[in-house]
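In the working numbering, the protein residues as written are 7 to 378.
No residue lacks a Cβ here, since even glycine has one placed at the ideal position from N, Cα and C.
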């Protein structure tokens with residue numbers, strides 16, 4: 007779907023963000039069909055004097071592996087992949103899905119086994135590497151799920167992936183300082199009233215290193231301080247399963263009740279382990295070119311005017327001590343047309359209906375203007 011020029015610009019971002027240089031061993035992990043795009047990545051890795059390694063699976067083959075899987079087969083698969091992964095300096099994960107419902111007819115027990123015994127530990131392994139990037143390649147299936155035309159999807163994807171992240175780094179500094187000095191966070195929206203402390207946890211700006219597209223800043227709550235309830239109004243797509251209208255209630259940091267249109271899947275997530283019942287991330291979306299939900303997690307968590315919380319593993323850049331074999335994001339869009347909402351830091355209104363209120367933060371409302 008992307009033009010040759012668009013592909014080349016995004017590939018340059020991909021190579022640069024991972025600091026790929028001579029002698030680096032680079033794993034390209036592909037699920038789906040992105041032949042020309044991957045060929046260009048391989049060429050550019052060679053141009054840098056680095057060593058590419060390609061792992062590629064068609065979705066239908068992964069599906070067949072899951073359908074017949076057992077504890078033994080998944081252990082074999084995982085052991086081999088972890089061996090390959092540990093010898094790599096850089097991990098690049100690319101997904102290209104024409105049908106995001108492809109896993110819908112896999113028996114739930116098989117899908118759960120695959121997630122627990124293969125996918126979750128595999129993801130955990132590459133997320134712990136110093137250099138990694140996940141990229142979702144645009145497809146007609148993505149456009150269909152987002153309920154937009156393919157031209158609009160490509161335009162959104164390209165602009166969101168290549169906008170001036172250096173400008174974002176400059177303009178976000180006051181927000182970083184504010185977050186560093188904040189104790190109590192309050193989130194208020196329809197059917198949402200949640201509080202927690204993030205004192206001394208720190209924060210991290212995602213500026214096109216780990217995801218393409220990117221554009222968020224995240225921290226994490228002090229684990230046991232999360233209190234109240236929250237309704238997430240965006241879809242979470244998790245390994246072929248869709249979670250809609252997720253509602254979580256917390257006491258002393260732990261999930262004490264939950265609801266979703268897909269209750270069984272949400273129950274499996276929350277009951278994965280002890281850490282899956284606690285929050286490991288709090289993020290704020292800042293990408294000005296992602297203006298509405300696309301029903302794709304890698305996009306929607308960067309959506310301007312949104313925020314997200316993740317159940318499970320905390321990232322080392324904002325570590326709150328929560329350990330889990332999963333990390334699942336849930337997104338609340340606070341733009342006015344989606345119900346609105348307010349975000350408070352230590353009682354001060356920071357954002358209302360998706361727009362930043364304090365004067366020192368208002369430049370974040372205009373990231374598209376004056377890019378240079």
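When C-alpha distances from residue 121 are compared across 313, 102, 76, the shortest belongs to 76. Here residue 361 is bridged, per DSSP, to 358. By the Cβ rule, the stretch 70–86 counts as touching the stretch 111–130, because three or more pairs are nearer than 8 angstroms.
Residue 269 carries a helical assignment under DSSP once its states are collapsed to helix, strand and coil. Beta-bridge partners assigned by DSSP to residue 58: 32. By the beta-carbon neighbour count (other beta carbons within 10 angstroms, threshold 16), residue 220 is buried. If you compare the alpha carbons of 66, 26, 264, 206 with that of residue 186, the shortest gap goes to 206. Residue 101 is bridged by DSSP to 37, 142. Its chain contains 42, 43, 46 as the residues whose beta carbon lies nearer than 8 angstroms to that of residue 13, once the 5 sequence neighbours on both sides are disregarded; these appear in chain order.
The three-state secondary structure of residue 250, taken from DSSP, is coil. For residue 247 against residue 351, the beta-carbon gap comes to about 34 angstroms, at or over 8 angstroms, which does not count as contact. As a beta-bridge residue in DSSP terms, residue 201 pairs with 192, 233.
Counting C-beta pairs closer than 8 angstroms gives fewer than three between the stretch 321–331 and the stretch 262–270, which falls short of the contact rule.
Rounded to the nearest whole angstrom, the C-alpha separation of residue 313 and residue 357 is 11 angstroms.
The shortest CA-to-CA distance from residue 290 to any of 223, 340, 117 is the one to 223.
In the three-state reduction of the DSSP assignment, residue 291 falls in the strand class.
By the C-beta density criterion, residue 282 is buried, having at least 16 other C-beta atoms within 10 angstroms. Per DSSP, the unbroken beta strand (DSSP E) holding residue 337 starts and ends at 333–339.
In the DSSP secondary-structure assignment, residue 63 is bridged to 37. Between the stretch 97–117 and the stretch 54–72 there are three or more C-beta pairs closer than 8 angstroms, enough to call the two in contact. Here the alpha carbon of residue 210 sits roughly 37 angstroms from the alpha carbon of residue 71. Non-local C-beta neighbours of residue 180 in its own chain, meaning closer than 7 angstroms and more than five positions away in sequence, comprise 366, 367, ordered along the chain.
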